[in-house]
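The block underneath contains the structure these notes are about, expressed in structure tokens.
Residue numbers (the working numbering), protein chains in the order written: chain E, 2 to 242; chain R, 2 to 242.
Listed below in structure tokens is the structure:
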């Protein structure tokens, strides 16, 4: 399953932001870019360079005169806005929105996401075309997402919901050593080895030391184990009795 | 609970990207920005304007000479990289990483995230300081996340995991009308009302029409119901027999 709802930019102002939006979209497999009356017309020469290779999205982009026309084939429309509105619409997070899109996709129904002008966002008139308000939960004292960032968060959630990759979650080990402790062990070991000419092969020293660091980190030693091992190294470094 | 792991930029190149990273962080409440040998020194005059108000993050940012020093107080370190590595490290998605950070936070252990240079990413030497590789699942044929975008995705997941906001998920209604059908009903109704002088109050016409559109959308009519209602309007518009 791949989800590919329409990303609809209402009167976007800068070509650069249109390009960045295309790049954000294609990272997560979205290709249906639509624009309602882009301020500087279309095509826009600033969009291509900002798309960093996502030209296929720009080439397929469609331009409409009104929001109504841009969403005509959609069955469920989301309006991305952080502002409180005097409108009785349900509110969804990006995660919930992705779930809704997936459910509509399963019933062969299209969805669309409206994103507003860079400076002023969506108007009440724009929002009146939507069923659901999409709001990204952000820091209440600093909410400042730009257009491409808002798009990438919904695109990411849409991709996530269809992704089967099972994340590896290593468990927390109680009392595990800090990086400073592990690095101290590593450095202690390396110093002792250097003074004994362990790193003989010219030019391979850095790789050999890195192998030792990985070996120590991957072992996941506790602080106590690191202390033990440093005692061991110290002991090994002394002359035999 | 708020999670605030260290975001560590290894030899970042452009001040603008450092500023954008700070902005991405603060949107989701992250404030612990660290840099390892920023290319153009620190402070960097290009960072502030790009931070769009997230100056508090830049003001508190710490600079280190080496990755080892930057992660010394961390108990679990993630290395953000998309490349396959010849290193035996577990791999986590942003979501899994957020879970791991939350678990460490509950045990009062710090975590850190290493992000590489804009042009070349993290070196094998950098990655050797990490326990876990952080990889964002992306479109296999177009993976092109910039620095601030990679940071914002992990920051978003960290904020999500602590957020208690329950998303509203309206159920799919089978046979629900498309936006084109709903708008057709709305326009039909408005046209008939205009020809009867319904919209009398000067300057309130747009608001009144928007109220009607919201009323129609929020009702969630099926295609069949829209047809029925259009028949009703047509009938009402005829003279009485």
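In this text, a Cβ means the ideal position worked out from N, Cα and C, and glycines have one as well.
Segment limits, beta strand (DSSP E) that includes residue i
i                     : result
residue 114 (chain E) : 112 to 116
residue 35 (chain E)  : 34 to 37
residue 235 (chain E) : Segment 224 to 238 is the alpha helix (DSSP H) holding residue 235 (chain E); no beta strand (DSSP E) there.
residue 80 (chain E)  : 77 to 81
residue 7 (chain R)   : 7 to 11
residue 102 (chain R) : No beta strand (DSSP E) contains residue 102 (chain R), which is instead part of the alpha helix (DSSP H) from 95 to 107.
Span separating the alpha-carbon of residue i from that of residue j
i                     : j                     : result
residue 202 (chain E) : residue 217 (chain E) : 22 Å
residue 79 (chain E)  : residue 140 (chain E) : 22 Å
residue 194 (chain E) : residue 236 (chain E) : 13 Å
residue 12 (chain R)  : residue 208 (chain R) : 54 Å
residue 64 (chain R)  : residue 59 (chain E)  : 40 Å
residue 15 (chain E)  : residue 41 (chain E)  : 8 Å
residue 187 (chain E) : residue 214 (chain E) : 6 Å
residue 102 (chain E) : residue 161 (chain E) : 12 Å
residue 100 (chain E) : residue 163 (chain E) : 10 Å
residue 1 (chain E)   : residue 27 (chain R)  : Only positions 2 to 242 of chain E appear in this structure, which leaves residue 1 (chain E) out of reach.
residue 242 (chain E) : residue 234 (chain E) : 16 Å
residue 91 (chain R)  : residue 98 (chain R)  : 11 Å
residue 212 (chain R) : residue 67 (chain E)  : 18 Å
residue 142 (chain E) : residue 108 (chain R) : 27 Å
residue 23 (chain R)  : residue 53 (chain R)  : 9 Å
residue 205 (chain R) : residue 191 (chain R) : 14 Å
Span of the alpha helix (DSSP H), counted from its first residue to its last, around residue i
i                     : result
residue 199 (chain R) : Counting along the chain, residue 199 (chain R) falls outside any alpha helix (DSSP H), and DSSP gives it neither H nor E.
residue 26 (chain E)  : 16 to 28
residue 128 (chain R) : 125 to 128
residue 59 (chain E)  : 56 to 61
residue 216 (chain R) : 206 to 220
residue 152 (chain R) : 148 to 163
residue 252 (chain R) : Lying before the first or after the last residue shown, residue 252 (chain R) is absent from chain R, which here runs from 2 to 242.
residue 68 (chain R)  : 68 to 71
residue 50 (chain R)  : 48 to 52
Selected residue, minimal CA-CA separation from residue i, among the options
i                     : options                       : result
residue 70 (chain R)  : R:38, R:42, R:101 and R:95    : R:38
residue 122 (chain E) : E:109, E:141, E:111 and E:145 : E:145
residue 81 (chain R)  : R:124, R:49 and R:108         : R:124
residue 114 (chain E) : E:108, E:93, E:120 and E:232  : E:93
residue 36 (chain E)  : E:62, E:48, E:17 and E:28     : E:62
residue 132 (chain R) : E:135, E:206 and E:219        : E:219
residue 49 (chain R)  : R:8, R:21 and R:212           : R:21
residue 18 (chain E)  : E:32, E:99 and E:149          : E:149
residue 31 (chain E)  : E:97, E:120, E:55 and E:232   : E:55
residue 9 (chain R)   : R:196, R:111, R:105 and R:2   : R:111
residue 6 (chain E)   : E:159, E:231, E:46 and E:68   : E:159
residue 238 (chain R) : R:126, R:57, R:189 and R:107  : R:189
residue 179 (chain E) : R:72, R:46 and R:142          : R:72
residue 223 (chain R) : R:83, R:45 and R:177          : R:177
Subject >> Short-range partners of chain E found in the segment 66 to 77 of chain R, where Cβ spacing is below 7 Å >> reply: Within the segment 66 to 77 of chain R, the qualifying residues are 69, 72, 73, 74, 75 and 76.
Subject >> Short-range partners of chain E found in the segment 176 to 195 of chain R, where Cβ spacing is below 8 Å >> reply: Shown in chain order are the members of the segment 176 to 195 of chain R whose Cβ falls below 8 Å from a Cβ of chain E: 177, 178, 179, 180, 181 and 184.
Subject >> Members of the segment 132 to 154 of chain R that neighbour chain E once the beta carbon cut-off is set at 7 Å >> reply: Look at the segment 132 to 154 of chain R: the residues with a C-beta under 7 Å from a C-beta of chain E are 132, 133, 138, 139, 140, 143, 144, 145, 146, 150, 153 and 154.
Subject >> Segment contact flag, the segment 149 to 166 of chain R with the segment 153 to 162 of chain E, C-beta cutoff 8 Å, min 3 pairs >> reply: Yes, since at least three Cβ pairs between the segment 149 to 166 of chain R and the segment 153 to 162 of chain E fall closer than 8 Å, the two stretches touch.
Original post:
Counting Cβ pairs, one atom from each stretch, are 3 or more of them under 8 Å apart for the segment 174 to 185 of chain R and the segment 223 to 240 of chain R?
Top reply: The segment 174 to 185 of chain R vs the segment 223 to 240 of chain R: in contact.
Subject >> Near-chain R residues of the segment 10 to 43 of chain E (beta-carbon distance less than 8 Å), N- to C-terminal order >> reply: Sequence-ordered contacts of the segment 10 to 43 of chain E with chain R read 24, 25, 27, 28, 29 and 30 [C-beta pairs closer than 8 Å].
Original post:
Residues in the segment 44 to 64 of chain E with C-beta within 7 Å of chain R's C-beta atoms, listed in sequence order?
Top reply: Listed in sequence order: 53, 54 and 55.
Original post:
Using Cβ-Cβ distances below 9 Å, what residues of the segment 89 to 116 of chain E are close to chain R?
Top reply: Flagged, chain order: 89, 90, 91, 92, 93, 94, 95, 96, 97, 98, 100, 101, 104, 105, 107, 108, 110, 111 and 113.
**OP:** Taking a Cβ distance cut-off of 8 Å, strictly less, list which residues of the segment 197 to 215 of chain E are near chain R, in chain order.
**Re:** Residues of the segment 197 to 215 of chain E with a C-beta less than 8 Å from any C-beta of chain R: 207, 211, 214 and 215, listed in chain order.
**OP:** Output, in sequence order along the chain, the residues in the segment 216 to 227 of chain R whose CB is closer than 9 Å to any CB in chain E.
**Re:** Here the close residues are 218, 219 and 221.
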